[in-house]
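Engineer: First the structure, then my questions, so here it is.
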Amino acid sequence: MKHILAIDQGTTSSRAIAFDAAMRPVASAQREFAQHFPASGQVEHDPADIWDSVLATAREVVEGIGSEQFAAIGITNQRETTLIWDRATGAPIHNAIVWQDRRTAPLCAKLREAGHEPMITARTGLLIDPYFSATKVKWLLDNVEGARARAEAGELAFGTIDSFLIWKLTGGRVHATDATNAARTMLYDIGKGQWDADICALMGVPMALLPEVRDCADDFGSTDPALFGSELPIYGVAGDQQAATIGQACFQPGMMKSTYGTGCFALLNTGDDMVASKNRLLTTIAYRLDGRTTYALEGSIFIAGAAVQWLRDGLGILNEAQDAGRMARRADPQQEVYLVPAFTGLGAPHWDSESRGALYGLTRGTGPNEIARAALEAVGFQTADLIAAMRADWPGYTDAPLRVDGGMSASGYTMQFLADITGLQVDRPAVLETTALGVAWLAGMRAGLYPDQAGFAETWAADTRFRPNMGAHDQSAKLAGWSDAVRRTLSQRRA
Ligand SMILES: Nc1ncnc2c1ncn2[C@@H]1O[C@H](COP(=O)(O)OP(=O)(O)O)[C@@H](O)[C@H]1O
Ligand SMILES: O=P(O)(O)OC[C@H](O)CO
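Take the sequence shown: its letter number 182 is residue 182 in the UniProt record's numbering, and every next letter is one higher.
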């Protein structure tokens, strides 16, 4: 009983990682699954793909070590992605609507025009945007035949992916979620810690659909013995960005992590302060332990590593993501090329779903190297915008080192530029699997196998520290060039 299984159900793949008694990752399995794009701006996942990939990877890892060696399971997940299923049969009524899906943009516009945003933001900490679950739930109830009547009769269950996996793993015995995932639905009052009846009524969401909300380290039931040969308790649940915040041990107010994968998500721990952002950041729950909620300010950027994928798969100017840094180093320092990667609009702090990407400063001398540099630098510029917003929003902001993770944090060029342009020290940890580690720690701590919060924080170790090394003049000139590029992009938004 010396291992913890972390299930990390992400946007493009599902992974299972076993951590040993010393919290070291000792075995893992990963499986990608199909993305469905039924129409422009729509993104869906087949729930069977999600479940099959989770079960296959979890079984591979558990069977490799022996199920009797596992003390507990932790689940972390892509957030906001929305599913509704039948309580009697477990059958989903529709594909999962993914967080990136923009189909509810017109509904969001109507809600904003009707003046609902101040109330929704004050209670949920979120802005009205298709990103969050609430309007996706409404869309499903309005568009799947018979769904609303069945929901009102209590026959259906809504869940984010964590809830769906808990339901499946426990053989339909538990319908629950954790506070961090509830906080992303736009139906949950993060101050009161309860589902908001007024917002549910406004969205036409019957409260009988909703899961019970528990702490992040809590009892979420035990797995059906048919799955792994023995019953394993589920003791930890957190949305993936919150799990990374925990895995990076950002437990003190003022500590911040930023994850660079497909997109970028920066979370600043604000402790007991539920900071109301004046700069269009999100207020969210970092974690809830022993009934006590710790809050965070979040900046969500939709495109980070995805811009590098576009250079590789769309433009074909590099063979592998790792080539981007080498090309950027070869770029002409005299050329000021900016890429505003608004491929799916811009997230924080602009929240403009209509703008589209743009390249500025092109000359006859511009080539692949300058464009690669612009794609990597865009990540630094966007993070600098988030940090400026955080600094302005919260008096407790301290310029603490930024703890980074995610696939793109492997790029030394990008991380050095990030340090240079933000003026912050950027710390890359020894264990890069911070998301899985975060939820493994939650489950292992609850199982009595892992240390308490302070003990866990002591185990965090940096592998590389990037120190800012750019003159103030260069920094402000580059930031001014970036701001100008963003301003032009926003003003070119589609009608
Ligand atoms: N060395 C690198 N330089 C630049 N980008 C990279 C590098 N390695 C990976 N990436 C980018 O990081 C992303 C993958 O990170 P990952 O954390 O696995 O993402 P996700 O969990 O969102 O699927 C890809 O978009 C890829 O383009
Ligand atoms: O699956 P990821 O790692 O791209 O994370 C997705 C986020 O949770 C969306 O809010």
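Ideal placement from N, C-alpha and C gives every residue a C-beta, glycine not left out.
Please go through the same chain and pick out, in chain order, the residues whose beta-carbon is closer than 6 Å to the beta-carbon of Leu346, but skip the five residues on each side of it.
Structural biologist: Asp352 and Ser355
Engineer: Nearest-angstrom Cα distance between Phe251 and Ala153?
Structural biologist: 42 Å
Engineer: Could you give the DSSP three-state label for Cys216: helix, strand or coil?
Structural biologist: For Cys216, the secondary structure class from DSSP, reduced to helix, strand or coil, is coil.
Engineer: With hydrogens ignored, establish whether the beta-carbon of Thr262 is closer than 7 Å to any heavy atom of ligand 2.
Structural biologist: yes
Engineer: Pull up the distance between the alpha-carbon of Gly10 and that of Gly481, whole angstroms please.
Structural biologist: 34 Å
Engineer: Are the stretch 457–467 and the stretch 422–429 touching by the rule of at least three beta carbon pairs closer than 8 Å?
Structural biologist: yes
Engineer: Assuming Gln30 is part of the beta strand (DSSP E), what are its boundary residues?
Structural biologist: Segment Pro25 to Glu32, the beta strand (DSSP E) holding Gln30.
Engineer: Buried or exposed for Leu315, going by 16 or more other Cβ atoms inside 10 Å?
Structural biologist: exposed
Engineer: Looking at the unbroken alpha helix (DSSP H) that takes in Cys264, where does it start and where does it end?
Structural biologist: Cys264 -> not in any alpha helix (DSSP H); beta strand (DSSP E) instead, spanning Cys264 to Gly271.
Engineer: Can you tell me whether Met207 is buried or exposed? The criterion is at least 16 other CB atoms within 10 Å of its CB, across all chains shown.
Structural biologist: exposed
Engineer: So, helix, strand or coil for Val426, using DSSP?
Structural biologist: Reduced to three states, the DSSP call for Val426 is strand.
Engineer: In three-state terms, what does DSSP make of Asp290?
Structural biologist: coil
Engineer: What I want to know is whether the C-beta of Trp482 ends up closer than 7 Å to one or more non-hydrogen atoms of ligand 2.
Structural biologist: no
Engineer: Determine the burial state of Ala495: buried for a count of at least 16 other Cβ atoms within 10 Å of its Cβ, exposed for fewer.
Structural biologist: Only weak support is given to the placement of Ala495: the predicted model assigns it a pLDDT of 45, under 50, and the question is left unresolved by the model.
Engineer: Counting Cβ pairs closer than 8 Å, one from the stretch 257–272 and one from the stretch 286–305, do we hit at least three?
Structural biologist: yes
Engineer: Distance check for Val61 and Ala109, CA to CA, integer angstroms please.
Structural biologist: Rounded to whole angstroms, Ala109 to Val61 spans 45 Å at the Cα level.
Engineer: Is Pro47 helix, strand or coil by DSSP?
Structural biologist: helix
Engineer: Can you find the residues in the same chain that come closer than 6 Å, C-beta to C-beta, to His36, ignoring five residues on each side of it along the sequence?
Structural biologist: So the qualifying residues of the chain are Glu44.
Engineer: Could you please give me the residues that DSSP links to Lys257 through a beta bridge?
Structural biologist: Leu267 and Arg403
Engineer: Flag this pair as yes or no: are the beta carbons of Thr245 and Asn269 separated by less than 8 Å?
Structural biologist: yes
Engineer: Identify the residues that DSSP records as bridge partners of Thr82: which are they?
Structural biologist: Ile97
Engineer: Assuming the contact rule is C-beta atoms closer than 8 Å, Asn77 and Gly239 should be a hit. Round their C-beta distance to whole Å, please.
Structural biologist: 6 Å
Engineer: So Asn77 is in the beta strand (DSSP E); what residue range does that whole segment cover?
Structural biologist: Phe70 to Asn77
Engineer: Candidates Thr294, Ala16, Gly221 and Val26: which alpha carbon is nearest Lys2's?
Structural biologist: Val26
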